[in-house]
Amino acid sequence: MHRLLSLLAAVVAVSANCPNYEQYARERHEPFSEGKYSFPSQRPSKACRTYSAPSVEHVIYEEMTEAIGDPDLYQLFQNTWPNTVDTTVRWRGVSADDPEEELAFITTGDINAMWLRDSANQLQSYKSIISPLAPPWDGNTISSLFRGAINLQARYIRNAPFCNAFHPPPEANLPHAKRSL
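Under mature numbering (1 follows the signal peptide of the UniProt record, and there is no 0), the letters of the sequence shown match residues -16 to -1, 1 to 165, in that order.
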């Protein structure tokens, strides 16, 4: 338990030093692509990413480096494909009632709420790297993220079948979205 609390404290300390991604994305960051358009690198630093999945990094740096010959297109791929895991996974954990039940709270990025349709669509591009061999809680895997999102969506639908957007689960200890109207 002490290790878990230490880890959470470290995560909070790191995230406190990270810029808001909306502000971060307004500026051009190095390294720039070596193509005609010199596209900037817009991924947050590793310490500021909301989730890190080794399989995503493997696809970007091992599989796609050679597959995408155009340096500008490759930079766009690096900036866009991992955006969901880099910026919108607000929390991943387990149910308070069942430690075997993984949960993942995924936002659209602008409001601290999870929309059923949007969170499902955001994960679609990672379907090809889900591993059927990945056991529960084997680390930061895409399989774990999918299980967590599906479990949380199922909870939301059971509790409020006519709603389409939801506050963070109580286990996450995250603030609710503020109404702007």
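In this text, a Cβ means the ideal position worked out from N, Cα and C, and glycines have one as well.
Residue i classed as buried or exposed, judged by whether at least 16 other C-beta atoms fall within 10 angstroms
i: Thr49; result: exposed
i: Tyr140; result: buried
i: Leu117; result: exposed
i: Ala80; result: exposed
i: Phe146; result: exposed
i: Gln106; result: buried
i: Ala37; result: buried
i: Tyr45; result: exposed
i: Pro152; result: buried
i: Tyr58; result: buried
Distance CB(residue i)-CB(residue j) smaller than 8 Å
i: Ala156; j: Trp75; result: yes
i: Tyr35; j: Leu129; result: yes
i: Ser17; j: Ile126; result: no
i: Pro55; j: Arg27; result: no
i: Arg131; j: Asp70; result: no
i: Thr64; j: Gly93; result: no
CA nearest to the CA of residue i, picked from the options
i: Arg97; options: Asn148, Ser17 and Arg142; result: The question names Arg, yet the displayed sequence has Ala at residue 97. Ranking Asn148, Ser17 and Arg142 by Cα distance to Ala97 puts Asn148 first.
i: Arg10; options: Val78, Asp81, Gln108 and Pro24; result: Pro24
i: Glu14; options: Ser103, Gln62 and Pro153; result: Gln62
i: Pro3; options: Ser22, Lys30 and Pro153; result: Lys30
i: Pro159; options: Ile95, Val43, Gly19 and Leu57; result: Ile95
i: Asp102; options: Lys20, Lys111 and Thr91; result: Thr91
i: His42; options: Lys20, Ser112, Phe89 and Tyr21; result: Ser112
i: Gln108; options: Arg142, Thr68 and Gly77; result: Thr68
Three-state class that DSSP yields for residue i in the structure shown
i: Glu86; result: strand
i: Gly93; result: coil
i: Phe23; result: coil
Touching or not, the segment 82 to 91 and the segment 132 to 148, by the rule of three or more beta carbon pairs under 8 Å?
-> The answer is yes - the segment 132 to 148 touches the segment 82 to 91, with three or more Cβ pairs under 8 Å.
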